[in-house]
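Residue numbers (full-length UniProt numbering): 1 to 393.
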């Protein structure tokens, strides 16, 4: 079979996948050599000849009988049609639900307890988490057009929202654990002041955790298309694995362990308590843990497998394509969790529902009175009982 030599310009970036709103939308093979779908690797003879910064020009020899491992037409259609729709729907529902939570807390209920502080911060976190979704919706079907600064900014906002949302869900579990299992001690620590201090610490932690992704993420031209991807300097590939395992540890393992510990002790305490609301509380606890696991575990498992792929423990093309699709699917599923948080943590409470009902009733009354006033002013003067001459007098 004929072999020939051809120049290739390859951007000096790492193309591995991580939890990132932009990386997974534009996926390229991240093996050190191009691989076909039969697992055969193309031989690259690399000689640095490019005068341009951040690019390396190589001469390589390839076999014309094989084709590089690519994402395929099926994944491209899924990416350009399904993902923008999902992102737009999640953005709208999350925006409405969490805006209602913030509105109720700031206007009717007031922020006076640790629980209120947690709910307010969780709603803000979820809103931050979905801010990049409109950008993602466009990027899923087109190239990145928003510039390098927005690329970095959206990555930072996304990760801060992601980590802070998980942190405040965990904090709410600890708060409920203290309130039920350590009721006497709870009087001293479950205050709004304590909640504000802890919230500031959690926001700082989320910001620090998001720094690597914000630093390395940048706009890069790949195959004549602008992409927003993480670009790791030579010799710093460790950061790619760090960011992936950071998501696994801070985004699932530690929070899920705390949730299981707190709610298992809460269940034990409720079993010895003769309360008519006990069954309702147990159901809510079960729903919280199960939903958290169902929406976040699949993504973290696939992300871990992708980390193994980056370490070349998994290195065949077919598995790579499946992981790429699985990452997109599981990430889309995990986005839905931020839409459910207002329902689980806020709207399930009786007091919160009462305040929300008052807000809707007030809005309806204002709309009705406004319509009545407009209707009154639009009536003919004869109907009102006087003529134009009477009005002048």
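Ideal placement from N, C-alpha and C gives every residue a C-beta, glycine not left out.
Range of the contiguous alpha helix (DSSP H) that encloses residue 118: 114-130
Check: Where does residue 226 sit, in a helix, a strand or coil, going by DSSP?
Finding: strand
Item checked: Classification of residue 261 by the beta-carbon crowding that lies within 10 angstroms, buried from 16 upward -> exposed
Measuring alpha carbon to alpha carbon, tell me which residue in 157, 90, 116, 92 is nearest residue 101. 116
Notebook entry, point to check: Which residues does DSSP pair with residue 331 in a beta bridge?
Noted result: In DSSP, residue 331 forms no bridge with anything.
request  = Compute the Euclidean distance between the alpha carbons of residue 92 and residue 229, then round it to the nearest angstrom.
outcome  = 26 Å
- Which residues does DSSP pair with residue 220 in a beta bridge? 227
From what residue to what residue does the alpha helix (DSSP H) around residue 236 run?
Here residue 236 belongs to no alpha helix (DSSP H), and DSSP marks it neither H nor E.
- In the DSSP assignment, what are the bridge partners of residue 319? For residue 319, which the question treats as bridged, DSSP gives no partner whatsoever.
Which residue's Cα is closest to the Cα of residue 132: 295, 112, 270, 160?
160
* Candidates 363, 90, 84, 77, of which the one nearest residue 341 by Cα -> 90
Task: Separation of residue 311 from residue 144, as counted between CA atoms - done: 28 Å
Exposed unless 16 or more other CB atoms sit within 10 angstroms - verdict on residue 338: buried
For residue 193, list the residues DSSP reports as bridge partners.
Its beta-bridge partners do not exist; DSSP assigns none.
If contacts are defined as beta-carbon pairs under 8 Å, then residue 347 and residue 353 qualify, I think. What distance do you get, rounded to the angstrom?
6 Å
### Helix, strand or coil at residue 79 according to DSSP, with G and I counted as helix
helix
Using CA coordinates, which residue listed in 80, 252, 79, 130 is at the minimum distance from residue 395?
-> In the structure as shown, the chain begins at 1 and stops at 393. Residue 395 is therefore absent and cannot be evaluated.
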